[in-house]
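Report on the structure given below.
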Amino acid sequence: PISLDTTVAHFGKFINGGVSALETSIKTGGSSIAFNGKAGISPFAADGKIDADLADMAALFGVMGMEAPDLPKGMGRTARLSGDVTYTAQGTAHLRNGSIRLDQNLLTGAVDVFIAGKERPFVKGQFKADALDFSVLAASVDNETGAAVETAAGWPKDVIDVSALSTVDADVGLVANAIDLGTVKLGSSSVAVKLDRSRAVFELHKVQAYQGVVSGQFVMNGRGGLSVGGDLKVAHMAMQPLLKDLADYERLIAVGDLRVKFLGVGNTVDAIMRSLSGEGSFTLGQGEILGLDLAGMLRNLDASYRGEGQKTVFNSIGATFTMKDGVLYNDDLSFVAPLARADGSGEVGIGTQTLNYRINPVALADENGSGGISVPVLITGTWANPKFRPDLKGLIDQNLADEKAALEAKLAAEKAAAEARLQAEKAALQERLDAERAAAEQRAKDALGVETQEGESVEDAARRKLEEEAKRGLLNLLGNN
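So the number in the working numbering is just where the residue sits in the sequence shown, counting from 1, plus 48.
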């Protein structure tokens, strides 16, 4: 049942299309809507204060012949709205000094709704909140999709309904001091959402989380199918509390940076994951892996070795990656630690949830980072059931490559030494020949009694001397006659 109680100050004026002071309240079940202000019916317009307590959604939707939506707690199972509301003759609605409570979540701000002349309503608003609790969303996701992943059945194949994206266009901003998403907890956040013809763009201006900051853009496009994409940057995020919330894993202590740009297309989560493309990188600064003695594992040649109470201290971990057709490719994983180092390369099947990765860890023998034990490890199988085994073929190939490189270096050194000796012997021989030639020329000059001039050979000097003596003898002969 519905009860309506309305008081019109000037009913005659009101019924003839004029504006009059008006109070009205509507009640159905446990829900009520009250308005106090002024209004007119031709054209319809109103301006005043509204106080709507929508505690009984079932009764409210029942009046309209509809079934109340089964919304998660925190998203509007119950709602309360109050503020200054205006509806104009041009078909626009405006809320100022608004207070909107969705279950336990309270938002304040202003909203403008434009209807006339629009293909769909356009909503523009700015909201503020202290702490928002959407933790029930994580429980909903776990109940509906978590089991599918854990049982290695792959990603959910249910069709994602994005029809709601086409019902309204919007430009909405939100600033909150904290947002609890259940699995992940965010600090101070500034987010803007723009929705235009089934395409929603989420601008993360600054979202604080786990001592770090997330920024960038996420897009959900429902035009002619569904695609999702993003360009996100994570700076200085603490890994231990993040992984504790995400996967109940507390062994990694470090601060990390992440950059990822991605695009996925499909109408199911499975299709999107199998189509992912993009690129990214991550780096971790100095940190620790608790309960794992990597150097001890290598020394014992036992991949299951953990070293109870031990830890691996590292200087840095970093890698870049690309994604294509739902497969992540990496060839430059770098792990640097005082007592060990490692590099890695391989593929991670995001769509298929599979692994094909090779890590080459080295337990260092010297303080300068050289020498040590190297045991390549292959990681294969599925995410749910990964397999670890030594890469014996790779180890043999690596040893052969090392021996080949050492032999080539030795041969190169011996060749260089032989060439150096040959050059030295050649130089010595040339020096001896030059000395013997000089001595022979000097003996010839002494025997002939000639002195060579600059640039003149002994033969030329002897020829010159003979010519001079012949000329002198001829002159003497002519002079005597």
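All C-beta atoms in this analysis are idealised placements derived from N, C-alpha and C, irrespective of residue type, glycine included.
**Prompt:** Looking only at DSSP bridge pairs, what is Tyr258 linked to?
**Reply:** The count along the sequence shown starts at 1 and reaches residue 258 at position 210. Tyr258 is not bridged to any residue.
**Asked** From Ala302 to Gly277, what distance separates their C-alpha atoms?
**Response** Start at 1 with the first residue of the sequence shown, and residue 302 comes out as number 254. Start at 1 with the first residue of the sequence shown, and residue 277 comes out as number 229. Using only the alpha carbons, I get a separation of about 28 angstroms.
Original post:
Using DSSP with H/G/I as helix, E/B as strand and the rest coil, what is Val423?
Top reply: The residue given as residue 423 occupies position 375 in the sequence shown. Of the three classes helix, strand and coil, the one that applies to Val423 here is coil, per DSSP.
(Q) Quick check on this structure: which residue in Ser505, Ala226, Ala468, Gln471 has the alpha carbon closest to the alpha carbon of Arg485? (A) As a working mapping, residue 485 is identified with position 437 in the sequence shown. That would be Ser505, whose Cα lies nearest to the Cα of Arg485.
**Same chain, Cβ closer than 7 angstroms to Asn315, five either side skipped, listed in chain order** = Reading the sequence shown from its first residue, position 267 is the one you call residue 315. Excluding sequence neighbours, Asn315 sits near Val207, Ile208, Gly273, Leu274.
In the DSSP assignment, the alpha helix (DSSP H) including Lys61 goes from what residue to what residue?
Start at 1 with the first residue of the sequence shown, and residue 61 comes out as number 13. Where Lys61 is concerned, the enclosing alpha helix (DSSP H) stretches over 59 to 63.
- [ ] Measure how close the beta-carbons of Ser393 and Leu381 come, nearest whole angstrom, since I'm counting them as under 8 angstroms.
- [x] Here residue 393 refers to the residue found at position 345 when the sequence shown is read from its first residue. Here residue 381 refers to the residue found at position 333 when the sequence shown is read from its first residue. The pair is a contact, with the Cβ atoms about 7 angstroms apart (cut-off 8 angstroms).
**Prompt:** Excluding sequence positions up to five away, which residues of its chain have a Cβ less than 6 angstroms from the Cβ of Ala82?
**Reply:** Position 34 of the sequence shown, counted from the start, is the residue given in the question as residue 82. Ser73, Asp99, listed in sequence order.
Practice task
Compute the beta-carbon to beta-carbon distance between Leu102 and Thr76, rounded to the nearest angstrom, for a pair I have assumed lies under 8 angstroms.
Solution key: Within the sequence shown, residue 102 is the residue found at index 54, counting from 1. Within the sequence shown, residue 76 is the residue found at index 28, counting from 1. Contact flag wrong, Cβ pair sits at about 10 angstroms.
Check: Do you know how far the Cα of Gln152 is from the Cα of Ala87?
Finding: Translated into the one-based positions of the sequence shown, residue 87 becomes position 39. Translated into the one-based positions of the sequence shown, residue 152 becomes position 104. The straight-line gap from Cα to Cα measures roughly 32 angstroms.
Looking only at its own chain, which residues have a Cβ that is under 6 angstroms from the Cβ of Ile407, when we skip the five neighbours before and after it?
-> In the sequence shown, residue 407 corresponds to position 359, counting from 1. Closer than 6 angstroms at Cβ, skipping near neighbours: Ala390, Gly392, Val425.
Using a Cβ-Cβ cutoff of less than 8 angstroms, which residues in the same chain neighbour Asp318 once the five nearest sequence positions on both sides are dropped? Within the sequence shown, the letter at position 270 stands for residue 318. The residues are Gly202, Trp203, Pro204, Lys205, Gly399.
Subject >> First through last residue of the beta strand (DSSP E) which encompasses Asp160 >> reply: The residue labelled residue 160 in the question sits at position 112 within the sequence shown. It spans 153 to 162 - the beta strand (DSSP E) in which Asp160 sits, taken as one unbroken run.
**Study point:** Close beta carbons around Asn145, own chain, < 6 angstroms, minus the five adjacent residues each side
**Key:** Within the sequence shown, numbered from 1, the residue matching residue 145 stands at position 97. Hits under 6 angstroms: Gly131, Asp132.
### Which residues DSSP lists as bridging Gln334, in chain order
Stepping through the sequence shown from its first residue, residue 334 is reached at position 286. In DSSP, Gln334 forms no bridge with anything.
Requested in this report: With a floor of 3 residues, list each beta strand (DSSP E) that falls wholly inside the segment 108 to 149, ordered by position along the chain.
Outcome: 127 to 135
Task: Pairwise C-alpha distance: Arg511 and Lys474 - done: As a working note, residue 474 is residue 426 in the sequence shown. As a working note, residue 511 is residue 463 in the sequence shown. Roughly 34 angstroms between the two C-alpha positions.
What first and last residue would you give for the beta strand (DSSP E) that runs through Ser211?
Counting from one through the sequence shown, the residue named residue 211 turns up at place 163. Ser211 -> no beta strand (DSSP E), and no H or E assigned at all.
> Which stretch, first to last residue, makes up the alpha helix (DSSP H) that contains Ile320?
Replying inline: Against the sequence shown, residue 320 aligns to sequence position 272. From DSSP, the alpha helix (DSSP H) with Ile320 extends over 317 to 323.
Using beta-carbon positions only, say whether Leu150 and Met123 come within less than 8 angstroms of one another.
For the purposes of this step, residue 150 is taken as the residue at position 102 of the sequence shown. For the purposes of this step, residue 123 is taken as the residue at position 75 of the sequence shown. Yes, the pair counts as a contact, with Cβ atoms nearer than the cut-off.
Practice prompt. Note down the Cα distance separating Leu234 from Ala257, rounded to an integer number of angstroms.
Written response: Sequence index remark: in the sequence shown, residue 234 carries index 186 (1-based). Sequence index remark: in the sequence shown, residue 257 carries index 209 (1-based). One C-alpha to the other measures close to 5 angstroms.
field: Whole beta strand (DSSP E) elements within the segment 246 to 311, 3-residue minimum
entry: 247 to 257, 260 to 269, 275 to 286
Exercise. Can you tell me the Cα-Cα spacing of Ser68 and Met321, whole angstroms?
Worked result: Here the question's residue 68 lines up with position 20 in the sequence shown. Here the question's residue 321 lines up with position 273 in the sequence shown. So the two alpha carbons sit approximately 59 angstroms from each other.
Would you mind sorting Gly521 into buried or exposed? The rule is 16 or more other CB atoms within 10 Å of its CB. Taking the first residue of the sequence shown as 1, we reach residue 521 at position 473. With fewer than 16 other Cβ atoms within 10 Å, it is exposed.
For Gly60 and Val249, what's the separation of their Cα atoms in angstroms? Counting from one through the sequence shown, the residue named residue 60 turns up at place 12. Counting from one through the sequence shown, the residue named residue 249 turns up at place 201. Approximately 49 angstroms between the Cα atoms of the pair.
Original post:
Looking at the structure shown, is Ala103 part of a helix, part of a strand, or coil, going by DSSP?
Top reply: If you number the sequence shown from 1, residue 103 lands on position 55. Coil.
*Can a CB atom of chain B be found closer than 8 angstroms to the CB of Glu451?*
In the displayed structure, chain B is absent; only one protein chain is listed.
Using the three-state DSSP reduction, which class does Gly235 fall into: helix, strand or coil?
Within the sequence shown, numbered from 1, the residue matching residue 235 stands at position 187. Coil at Gly235, not helix or strand.
Inset, instruction - Would you give the residue range spanned by the beta strand (DSSP E) that Glu499 belongs to? - result: Against the sequence shown, residue 499 aligns to sequence position 451. Looking at the DSSP string, Glu499 is not in any beta strand (DSSP E), and its letter there is neither H nor E.
Item to complete: Could you round the C-beta distance between Ser323 and Asp373 to whole angstroms and report it? I think they count as a contact, below 8 angstroms.
Response: As a working mapping, residue 323 is identified with position 275 in the sequence shown. As a working mapping, residue 373 is identified with position 325 in the sequence shown. Confirmed, about 7 angstroms.
Could you spell out where the beta strand (DSSP E) holding Leu180 opens and where it closes? Within the sequence shown, the letter at position 132 stands for residue 180. Element bounds for Leu180: 170 to 181.
Could you pull the start and end residues of the beta strand (DSSP E) that Asn404 belongs to? For the purposes of this step, residue 404 is taken as residue 356 along the sequence shown, with counting starting at 1. It spans 402 to 411 - the beta strand (DSSP E) in which Asn404 sits, taken as one unbroken run.
### Query
Can you tell which of Ser80, Phe62, Thr500 has the C-alpha that lies nearest to the C-alpha of Asp53?
Position 5 of the sequence shown, counted from the first residue, corresponds to residue 53. Closest option to Asp53, Cα to Cα, is Ser80.
- prompt: So what's Asn524 in DSSP terms, helix, strand or just coil?
  reply: Along the sequence shown, read from residue 1 onward, the residue named residue 524 stands at position 476. Residue state, collapsed to three classes: helix.
Let's test the definition: count the other Cβ atoms within 10 Å of the Cβ of Glu515 and tell me whether it reaches 16, buried, or not, exposed.
As a working note, residue 515 is residue 467 in the sequence shown. When all chains shown are included, Glu515 counts as exposed.
- Message: Looking only at its chain, what residues have a beta carbon closer than 7 angstroms to the beta carbon of Asp293, apart from the 5 residues adjacent to it on each side?
- Response: Locating residue 293 in the sequence shown gives position 245, where the first residue counts as 1. These residues qualify, in order along the chain: Thr231, Val232, Lys233.
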